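The structure under discussion appears below in the form of structure tokens.
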Amino acid sequence: NLAIIPQRTKENYAVLVGVLKDTSYSSFFVDPQVKLLYLLVELMLQDNPPDGLVVVLNLKGVGLMHITRLKISTVKKFFQFLQEAMPTQLKQIHIINSSYVFDKILMVLKPFMNRDLFDMIVPHSSSDDMDAFYANHLSRDLLPADLGGDLPNIDQLTEETLYQCRKSSSYLNSYERQIEEYQENSS
Numbered sequence: 001n002l003a004i005i006p007q008r009t010k011e012n013y014a015v016l017v018g019v020l021k022d023t024s025y026s027s028f029f030v031d032p033q034v035k036l037l038y039l040l041v042e043l044m045l046q047d048n049p050p051d052g053l054v055v056v057l058n059l060k061g062v063g064l065m066h067i068t069r070l071k072i073s074t075v076k077k078f079f080q081f082l083q084e085a086m087p088t089q090l091k092q093i094h095i096i097n098s099s100y101v102f103d104k105i106l107m108v109l110k111p112f113m114n115r116d117l118f119d120m121i122v123p124h125s126s127s128d129d130m131d132a133f134y135a136n137h138l139s140r141d142l143l144p145a146d147l148g149g150d151l152p153n154i155d156q157l158t159e160e161t162l163y164q165c166r167k168s169s170s171y172l173n174s175y176e177r178q179i180e181e182y183q184e185n186s187s
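Following full-length UniProt numbering, the numbering of the sequence shown begins with 1 at its first residue and continues without gaps.
Here it is, written out as structure tokens:
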């Protein structure tokens, strides 16, 4: 599940929250998730571009076998996009329910990350005080109920995000065609 939070931070940053709905590693595919993220970034920019982006990823249920599902070519392209081409500035990446598994995932991803991106990552273990997170990073009114926030749960927020995607389907299809044309012309 990936959801755009309907409100912005006081700095006018958009907030994107992600969690695995199905935590089975055999159901985890990177390519569709990356494609969805590209489309959601484009959707955020459509009407009222944010001044930045904060990403919150809940790693609850992620295990070592998920690492085996990472496609290096996709990961490399994704990090190139994040660091060189993303049309809004990434401000923070919060990893909720971080564990030793995240440390292993980070070891795989680190070669593709520049220092600035690496420094944006803030892991929060399941034993961390979430009240400190709300006070220092994102307030409850910007988080789903699943993370102790005041908003509906992530499933409902994802449905609202998908509804926005469907409403903007002609715009997003046009965007996707532009990407395909660029790829054809550059090969």
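We treat Cβ as the ideally placed atom computed from N, Cα and C, and that holds for glycine.
Please read all numbers here as calculations on a predicted model, not as lab measurements.
Distance between beta carbons of residue j and residue i, contact taken as under 8 Å
| i | j | result |
| --- | --- | --- |
| ILE4 | LEU40 | 6 Å |
| VAL30 | THR88 | Incorrect: roughly 22 Å between the Cβ atoms, too far for contact. |
| GLY52 | GLU11 | 7 Å |
| LEU147 | VAL54 | That pair is no contact at about 13 Å. |
| GLN46 | SER168 | 6 Å |
| LEU142 | THR9 | 6 Å |
Between the CA atoms of residue j and residue i - distance to the nearest angstrom
| i | j | result |
| --- | --- | --- |
| THR158 | GLU184 | 32 Å |
| ALA135 | LEU16 | 18 Å |
| LEU82 | LYS110 | 13 Å |
| LEU90 | ASN1 | 20 Å |
| MET113 | LYS77 | 11 Å |
| ASP150 | ARG140 | 5 Å |
| PHE28 | LEU20 | 8 Å |
| PRO32 | TYR38 | 10 Å |
| ASP119 | SER24 | 29 Å |
| PRO152 | TYR163 | 15 Å |
| ARG166 | LYS35 | 15 Å |
| TYR171 | VAL56 | 26 Å |
| VAL122 | ASP22 | 24 Å |
| SER127 | GLU160 | 30 Å |
Residue i: first and last residue of the uninterrupted beta strand (DSSP E) it sits in
| i | result |
| --- | --- |
| residue 239 | A query on residue 239 cannot be resolved here, the shown segment of the chain reaching from 1 to 187 and no further. |
| GLN92 | 90 to 98 |
| TYR25 | TYR25 -> no beta strand (DSSP E), and no H or E assigned at all. |
| LEU2 | 2 to 4 |
| SER125 | 121 to 125 |
| LEU16 | 13 to 19 |
Burial state of residue i (16 or more Cβ within 10 Å)
| i | result |
| --- | --- |
| LEU70 | exposed |
| GLU42 | buried |
| ASN173 | exposed |
| LYS14 | Looking at the sequence itself, residue 14 is Ala, so the reference to Lys does not match. With 16 or more other Cβ atoms within 10 Å, it is buried. |
| VAL108 | exposed |
| ASN58 | buried |
| ILE179 | exposed |
| ILE93 | buried |
| PRO50 | buried |
| ILE72 | exposed |
Range of the contiguous alpha helix (DSSP H) that encloses residue i
| i | result |
| --- | --- |
| ALA135 | 130 to 136 |
| LEU43 | 30 to 46 |
| GLU159 | 154 to 167 |
Open item on the list: Does the contact criterion of 3 or more C-beta pairs under 8 Å hold for the segment 94 to 114 versus the segment 49 to 69?
Closed with: yes
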